[in-house]
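Enquirer: Residue numbering for the sequence shown follows my numbering, beginning at 1 and increasing consecutively.
The C-beta atom is built at its ideal place from N, Cα and C for all residues, glycine as well.
For reference, the structure I am asking about is given below.
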Amino acid sequence: MVGLIAFSFTTKGMMNMFDLTGQIALVTGAANGIGKGIAETLTKAGARVMIADVNEEDGKRTAEALGGEFYKLDVTQPKEAERVVEAIVERHGTIDILAANAGIYPEVYIEEMEESDWDVIQSINLKGVFFTAKPVLRVMKERGYGRVILTSSITGDITGYPGGSIYGATKAAILGYMRSTAVEYAKYGITVNAVQPGMIATEGLKKQLGILSEKGANAVPMKRLGEPEDIGAAVAFFASKEANYITGQSLVIDGGQIIPETPDVIL
Ligand SMILES: NC(=O)c1ccc[n+]([C@@H]2O[C@H](COP(=O)([O-])OP(=O)(O)OC[C@H]3O[C@@H](n4cnc5c(N)ncnc54)[C@H](O)[C@@H]3O)[C@@H](O)[C@H]2O)c1
Numbered sequence: 001m002v003g004l005i006a007f008s009f010t011t012k013g014m015m016n017m018f019d020l021t022g023q024i025a026l027v028t029g030a031a032n033g034i035g036k037g038i039a040e041t042l043t044k045a046g047a048r049v050m051i052a053d054v055n056e057e058d059g060k061r062t063a064e065a066l067g068g069e070f071y072k073l074d075v076t077q078p079k080e081a082e083r084v085v086e087a088i089v090e091r092h093g094t095i096d097i098l099a100a101n102a103g104i105y106p107e108v109y110i111e112e113m114e115e116s117d118w119d120v121i122q123s124i125n126l127k128g129v130f131f132t133a134k135p136v137l138r139v140m141k142e143r144g145y146g147r148v149i150l151t152s153s154i155t156g157d158i159t160g161y162p163g164g165s166i167y168g169a170t171k172a173a174i175l176g177y178m179r180s181t182a183v184e185y186a187k188y189g190i191t192v193n194a195v196q197p198g199m200i201a202t203e204g205l206k207k208q209l210g211i212l213s214e215k216g217a218n219a220v221p222m223k224r225l226g227e228p229e230d231i232g233a234a235v236a237f238f239a240s241k242e243a244n245y246i247t248g249q250s251l252v253i254d255g256g257q258i259i260p261e262t263p264d265v266i267l
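So this is what it looks like as structure tokens:
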């Protein structure tokens, strides 16, 4: 009998693992690509997802498809971020999960590079993370609970490609931001972690890095590009209550891309 009770308790516990039922999640850059995959995965895990994106048309479509809500947000505008966070909190009372994912990765070669290229890419990829996280962290701190997951990349921290220097610098910097933020907010029950995707099949990859989108799978031991949901699964794990002792960490999700010593000779 005791065994039976223990078993049913364990089974019930198992069924509830990684459950995000009723949680409020804000995902930036969620109209398309990886952000959309994150939004879909969090929705499947039970969260109510707030789709924030500069692209209104696609954002509304994604929100409707997922039964979520759309908020127009250009992450380079701190006042807009504050307004969006206020609106969500007014409506839902809190924000449990932030996936700060919006980002761009145009190729810019060193000799053609202008200061304006730095400004544009940095303001979306890096300042955009800070501008969105700041008002959300304030809300989470008041409540003593929160999960922040940042979309970094393998680029910059681990790998590089021609034309990727500004992009790589911003994505490596996100990890620097993450570590200190994790330490600053640990005592408030808030974790701050990051995902580092390899090549993920998105519209953005096709448009911005066509050659990687077409031929990149050859460099991946799993012989395929990743899917947005592959990143969503890692975000859902970091967002779960079970990940409550993990903070300041990043997870590479790349089908093994960074591992081979001799990438041309993958058998
Ligand atoms: N696709 C990959 O292979 C890959 C690999 C590593 C990291 N990443 C990172 O993942 C994130 C998403 O990339 P993706 O491939 O899904 O790109 P994507 O272009 O397919 O989607 C990006 C979304 O972000 C939105 N966005 C762009 N600028 C914005 C702004 N200022 N404010 C709010 N939203 C904005 C776009 O409208 C779009 O909906 C980026 O941070 C990117 O650096 C992508």
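Decide if residue 140 is buried, meaning its Cβ has at least 16 other Cβ atoms within 10 Å, or exposed.
Expert: buried
Enquirer: How is residue 225 classed by DSSP in three states: helix, strand or coil?
Expert: coil
Enquirer: Please report the distance separating the alpha-carbon of residue 137 from that of residue 102.
Expert: 17 Å
Enquirer: Tell me whether the beta-carbon of residue 97 lies closer than 9 Å to the beta-carbon of residue 23.
Expert: yes
Enquirer: Does the region 222-239 come within contact of the region 183-190, defined as at least 3 CB pairs closer than 8 Å?
Expert: no
Enquirer: Who pairs with residue 196 in a beta bridge, going by DSSP?
Expert: 252
Enquirer: How many angstroms separate the CA atom of residue 260 from the CA atom of residue 221?
Expert: C-alpha of residue 260 to C-alpha of residue 221: approximately 8 Å in a straight line.
Enquirer: At which residues does the beta strand (DSSP E) containing residue 277 begin and terminate?
Expert: There is no way to answer for residue 277, as the model of the chain reaches only from 1 to 267.
Enquirer: Report the rounded CA-to-CA distance for residue 122 versus residue 218, giving the unit in angstroms.
Expert: 30 Å
Enquirer: From the DSSP output, in three-state form, read off residue 176 for me.
Expert: helix
Enquirer: Secondary structure at residue 264, three-state DSSP: helix, strand or coil?
Expert: helix
Enquirer: Using a Cβ-based criterion (distance less than 8 Å to any ligand heavy atom), does residue 73 qualify as near ligand 1?
Expert: True, at least one ligand heavy atom lies under 8 Å from that Cβ.
Enquirer: Would you say the beta carbon of residue 69 comes nearer than 8 Å to a heavy atom of ligand 1?
Expert: no
Enquirer: Can you give the Cα-Cα distance for residue 52 and residue 132, rounded to whole angstroms?
Expert: 10 Å
Enquirer: Is residue 126 near ligand 1 - that is, is its Cβ less than 8 Å away from at least one heavy atom of it?
Expert: no
Enquirer: Determine which residues share a DSSP beta bridge with residue 148 and list them.
Expert: 98, 192, per the DSSP bridge assignment.
Enquirer: Please tell me whether, using a cut-off of 8 Å, the distance from the CB of residue 221 to the nearest non-hydrogen atom of ligand 1 is below it.
Expert: no
Enquirer: Whose CA, out of 144, 142, 147, 174, lies closest to the CA of residue 154?
Expert: 174
Enquirer: Straight-line CA distance for residue 303 to residue 28?
Expert: Any property of residue 303 remains undetermined from this structure, which presents the chain solely from 1 to 267.
Enquirer: By Cβ distance, which residues of its chain are closer than 7 Å to residue 176, with the 5 residues on each side in sequence left out?
Expert: none
Enquirer: Run through DSSP, which three-state label would residue 27 get?
Expert: strand
Enquirer: When you compare the CB positions of residue 234 and residue 246, do they come within less than 9 Å of one another, or not?
Expert: no
Enquirer: Tell me whether residue 229, by its Cβ, gets closer than 8 Å to a heavy atom of ligand 1.
Expert: no
Enquirer: The alpha helix (DSSP H) that contains residue 70, what's its start and end?
Expert: Counting along the chain, residue 70 sits inside no alpha helix (DSSP H); it lies in the beta strand (DSSP E) bounded by residues 69-72.
Enquirer: Kindly identify the DSSP beta-bridge partner or partners of residue 159.
Expert: 155
Enquirer: Grouping DSSP H, G and I as helix and E and B as strand, with all else coil, what is residue 205?
Expert: If DSSP states are grouped into helix, strand and coil, residue 205 belongs with the helices.
Enquirer: Measuring straight from C-alpha to C-alpha, what distance separates residue 208 and residue 165?
Expert: 14 Å
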